[in-house]
Amino acid sequence: MNRTLKWLAVAIASSASVLLVGCGNKPPKCGDEEVTNLVLQVFREAVEKEAASMSEERLARFRYTQRDAKPMLETITAQSIDEKVAKATCQATLRVSVPAEAIAALSPETLQLVNAKFETVGSRIERASIVSNIQYSAQRTENAKELEVFVQGHKFTVDLLHEVALLRFFDKPFPPEPAATAPSGASATTLSDASTAPKASADTQANVASGAGATSPNMTPAAAEQTKPVQAATSLPKSPLCTANEEAVFSCSTGKKQIAVCATSGAANAAMQLTYRIAPTGQAAEMTYPSSPAPAKSAFKLGSATYTGDKSMSFLSFDKGDIRYVAYIANGKAFDKAGVAVEQGGKRIANLVCASELTDRLGELDSAGIPTDSRSFALP
16 MNRTLKWLAV
26 AIASSASVLL
36 VGCGNKPPKC
46 GDEEVTNLVL
56 QVFREAVEKE
66 AASMSEERLA
76 RFRYTQRDAK
86 PMLETITAQS
96 IDEKVAKATC
106 QATLRVSVPA
116 EAIAALSPET
126 LQLVNAKFET
136 VGSRIERASI
146 VSNIQYSAQR
156 TENAKELEVF
166 VQGHKFTVDL
176 LHEVALLRFF
186 DKPFPPEPAA
196 TAPSGASATT
206 LSDASTAPKA
216 SADTQANVAS
226 GAGATSPNMT
236 PAAAEQTKPV
246 QAATSLPKSP
256 LCTANEEAVF
266 SCSTGKKQIA
276 VCATSGAANA
286 AMQLTYRIAP
296 TGQAAEMTYP
306 SSPAPAKSAF
316 KLGSATYTGD
326 KSMSFLSFDK
336 GDIRYVAYIA
346 NGKAFDKAGV
356 AVEQGGKRIA
366 NLVCASELTD
376 RLGELDSAGI
386 PTDSRSFALP
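Numbered by the working numbering, the letters in the sequence shown go through residues 16 to 395 in order.
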């Protein structure tokens with residue numbers, strides 16, 4: 016596996032959270048401002064992640080259209096409310112207005128073909144807008160101090176925006192970049208304003224972080240201060256736990272143990288295999304999952320979340336019986352954590368913290384067709 020992995024339109028769930036004060040442990044409302052702001056933040060970060068993978072020429076064409084696009088949520092409805100876990104499950108229409116000339120540049124035949132392609136996944140072009148059906152859940156943490164939002168379906172909007180931006184100048188000269196102007200209208204924030212929000216790199220999925228000065232629900236302020244940033248490897252070393260035909264997409268040393276998630280090299284996305292191994296340092300693996308080769312999409316799940324405060328988290332999980340294993344990487348300003356958490360019955364029973372030799376390539380798994388792990392995961 017390498018960086019030529021191509022993006023596929025997979026509705027991987029992303030999430031975001033914000034620190035709350037005095038809200039009580041009541042389910043949030045789907046249309047609450049803090050909820051909708053986080054949903055739009057997740058979408059903007061997905062746009063930036065898509066942009067990070069483009070060539071310079073393609074990026075210029077994309078930005079020319081994207082900079083004037085404005086996202087907003089419409090027709091917000093609640094699908095279910097769970098009072099016990101303070102969770103609301105919602106659906107809405109995500110509308111992204113684009114310059115009218117961008118749509119006008121498409122021939123009727125092209126417009127019909129594009130809509131036929133994307134309507135199967137709930138996205139379409141309506142006049143001067145890209146419209147998608149999305150789902151999201153909003154849930155307060157157990158201590159009611161944080162609100163977390165998981166979003167699905169928004170990435171098809173990103174793909175359609177990308178396609179419109181490129182088709183706009185198909186067989187036409189690309190115009191020079193005009194002088195920047197102030198965005199007009201106050202009904203929605205332009206996507207170009209995402210420069211002020213956390214941006215996902217090419218290596219890292221749009222993921223979890225908490226507000227400035229906040230800590231994870233299971234971490235005391237004192238523990239947070241004692242947490243030292245994990246030293247990532249300057250190159251991508253070959254993990255001793257991966258075979259000659261594999262590369263590490265996640266690996267580290269805890270000091271006493273080596274941990275690795277190994278991917279088959281050069282495999283097609285759909286056929287890619289992942290293997291989790293853990294071993295005492297310098298010794299053979301004491302646990303291997305899966306025990307026999309299997310496609311990654313049938314053995315693992317992928318998750319991510321995004322919080323305010325320029326922090327992010329990606330995680331890869333698998334289940335052995337009633338035990339859940341979660342390899343996670345969180346990063347942000349003065350906050351870097353990685354490791355493997357073990358849960359049983361929804362309760363954490365172990366947490367192996369990475370101390371050095373960190374390899375972080377979980378973001379490259381986006382296009383592998385691995386299903387989304389929509390279960391909640393709180394950073395240790």
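We treat Cβ as the ideally placed atom computed from N, Cα and C, and that holds for glycine.
Residue span of the alpha helix (DSSP H) that contains residue i, given as start and end
i: D174; result: H169 to L182
i: P43; result: Element bounds for P43: n/a, residue is neither H nor E.
i: P123; result: P123 to F133
i: S254; result: Here S254 belongs to no alpha helix (DSSP H), and DSSP marks it neither H nor E.
i: S313; result: A311 to A314
i: I140; result: Here I140 belongs to no alpha helix (DSSP H); instead the beta strand (DSSP E) covers S138 to E141.
i: K115; result: The sequence given here places Ala at residue 115; Lys does not occur at that position. Counting along the chain, the alpha helix (DSSP H) containing A115 begins and ends at A115 to A119.
Classification of residue i by the beta-carbon crowding that lies within 10 angstroms, buried from 16 upward
i: D388; result: buried
i: V146; result: buried
i: G395; result: One detail in the question is off: residue 395 reads as Pro in this sequence, not Gly. When all chains shown are included, P395 counts as buried.
i: K64; result: buried
i: A345; result: buried
i: G318; result: buried
i: T135; result: exposed
i: Q94; result: exposed
i: Q241; result: With a pLDDT of only 35 at Q241, under the threshold of 50, the placement of this residue in the model should not be trusted, and no figure is reported.
i: V62; result: buried
i: L128; result: exposed
i: I338; result: exposed
i: E116; result: exposed
i: S306; result: exposed
i: A163; result: Reading the sequence as shown, one finds Glu at residue 163 and not Ala. Flag for E163 reads buried.
i: K271; result: exposed
i: S122; result: exposed
i: E124; result: exposed
i: S313; result: exposed
i: G361; result: exposed
i: A227; result: Below a pLDDT of 50, predicted positions are generally treated as unreliable, and A227, at 33, falls in that range; the measurement from the model is reported next regardless. It is exposed - the Cβ of A227 has fewer than 16 other Cβ atoms within 10 Å.
Same chain, Cβ closer than 6 Å to residue i, five either side skipped, listed in chain order
i: I96; result: P42 and A103
i: P114; result: D83
i: V166; result: S29, V54, V57 and Y151
i: R110; result: M87, E89, S144 and V146
i: A365; result: V357
i: P308; result: Q288
i: R292; result: L256, A275, A300 and T303
i: F171; result: A24, V136, S138 and S147
i: L175; result: F133, S138 and I145
i: T290; result: C277
i: P386; result: K316
i: A120; result: R183
i: A75; result: none
Beta bridge counterpart(s) of residue i as assigned by DSSP
i: Q359; result: I338 and K362
i: A107; result: I149
i: T258; result: Looking at the DSSP assignment, T258 forms no beta bridge with any residue, so it has no partner.
i: K318; result: Checking the sequence, you will find Gly at residue 318 rather than Lys. Its beta-bridge partners are F330.
i: L377; result: Looking at the DSSP assignment, L377 forms no beta bridge with any residue, so it has no partner.
i: I344; result: S329 and A353
i: Q154; result: K102 and E163
i: A112; result: The sequence as given places Ser at residue 112; Ala does not occur at that position. DSSP lists K85 and S144 as partners of S112.
i: S367; result: Before going further, note that residue 367 is Leu rather than Ser in the sequence given. L367 is bridged to V355.
i: T387; result: L317
Residue i - containing beta strand (DSSP E), residue span
i: S266; result: E261 to S268
i: K272; result: K272 to T279
i: A294; result: L289 to P295
i: T303; result: M302 to Y304
Sequence-distant residues of the same chain with beta carbon closer than 7 Å to residue i, five excluded per side
i: G46; result: I91
i: E98; result: P42
i: T51; result: L88
i: M69; result: F77
i: Q359; result: D337 and I338
i: L367; result: T269, K272, I274, G354 and V355
Own chain, CB closer than 8 Å to residue i, minus 5 neighbours either side, in chain order
i: I118; result: L126, I140, R142, A143 and V179
i: S268; result: I274, T296, C369, A370, S371 and E372
i: T80; result: V113, P114, A117, L176, V179, A180 and R183
i: S391; result: Q154 and E163
i: A66; result: L74, F77, R78 and Q81
3 or more residues per run - each beta strand (DSSP E) lying fully within the segment 54 to 101: 85 to 97
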